[in-house]
Amino acid sequence: MRVVIALGTNLGDRAANLVSALERIRVLGRVVASSSVYETAPQGIVDQEPFYNAVALVETDLDPVELVGRLLDIEREMGRVRGPRWGPRLIDLDLILYGDRSIRTPSAEVPHPRYRQRRFVLEPLVEVWPHARDPDGTPVADLLKTVSDQVVAPVDAPAWPTGP
């Protein structure tokens, strides 16, 4: 199944955190492509460091519930300690899309409930999968147009593998 995983971090060496997370994601399936890295202002709790965000397009055989569990395992392995919602984080891994499926279980909700309002997810997603569609059929590129007022800035992260 083709899935989209969003990566975010605003603590420590942000670029290294993304690279480390992507290496661990490779164990879960084949990374088809990874977006550029974008710096974004924090949302919710704004008195914190800016985030680095990226998206990985992955082919996996894991079911969505197992995949979400494995992403949470990676976060824990990397040292993430859950704090306040929208607070600082060493790494944040979210399952955004799972093919064209909509899933709602106690442990997994796909598509991610807030991805449609987040340019820091939509912009890198369109970069790696220009013709992606939301499970409701809406082109993700159209969703991106609705958040053009949000600022994201590409950053140079030399160790980050952009592309296929």
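The opening position of the sequence shown corresponds to residue 699 in the numbering used here, with each subsequent residue numbered one higher. Just so it is clear, CB atoms sit at the ideal spot from N, CA and C, and this is done for glycine as well.
Hey, how far is the Cα of residue i from the Cα of residue j?
i	j	result
residue 740	residue 760	31 Å
residue 767	residue 798	20 Å
residue 795	residue 702	5 Å
residue 780	residue 771	13 Å
residue 722	residue 859	14 Å
residue 742	residue 708	14 Å
residue 815	residue 800	17 Å
residue 737	residue 805	29 Å
residue 926	residue 843	Since the first residue of the chain shown is 699 and the last is 862, residue 926 is not available in this structure.
residue 725	residue 715	16 Å
residue 713	residue 729	18 Å
residue 825	residue 838	11 Å
residue 835	residue 811	16 Å
residue 855	residue 807	30 Å
residue 853	residue 783	25 Å
Which of the three DSSP states is assigned to residue i in this structure?
i	result
residue 791	strand
residue 837	strand
residue 708	coil
residue 849	coil
residue 655	Shown here, the chain extends from 699 to 862; a query on residue 655 therefore has no answer.
residue 755	strand
residue 808	strand
residue 763	helix
residue 729	strand
residue 701	strand
residue 826	helix
residue 722	helix
residue 775	helix
Exposed or buried, residue i, counting other C-beta atoms within 10 Å across all chains shown (16 or more means buried)?
i	result
residue 809	buried
residue 757	exposed
residue 803	exposed
residue 792	buried
residue 828	exposed
residue 652	Summary: the structure shown does not reach residue 652, with the chain confined to residues 699 through 862, and so no result is reported for it.
residue 778	buried
residue 706	buried
Tell me whether residue i, by its Cβ, gets closer than 7 Å to a heavy atom of the ligand ADP.
i	result
residue 838	Absence of the ligand ADP is noted for the structure shown, with no ligands found whatsoever.
List the whole-angstrom C-beta distance separating residue i from residue j, where the pair is believed to meet the contact cut-off of C-beta under 8 Å.
i	j	result
residue 845	residue 820	6 Å
residue 733	residue 719	So it is not a contact: roughly 13 Å between Cβ atoms.
residue 731	residue 765	With a Cβ gap of about 17 Å, residue 731 and residue 765 do not count as contacting.
residue 769	residue 710	Not a contact, Cβ separation roughly 19 Å.
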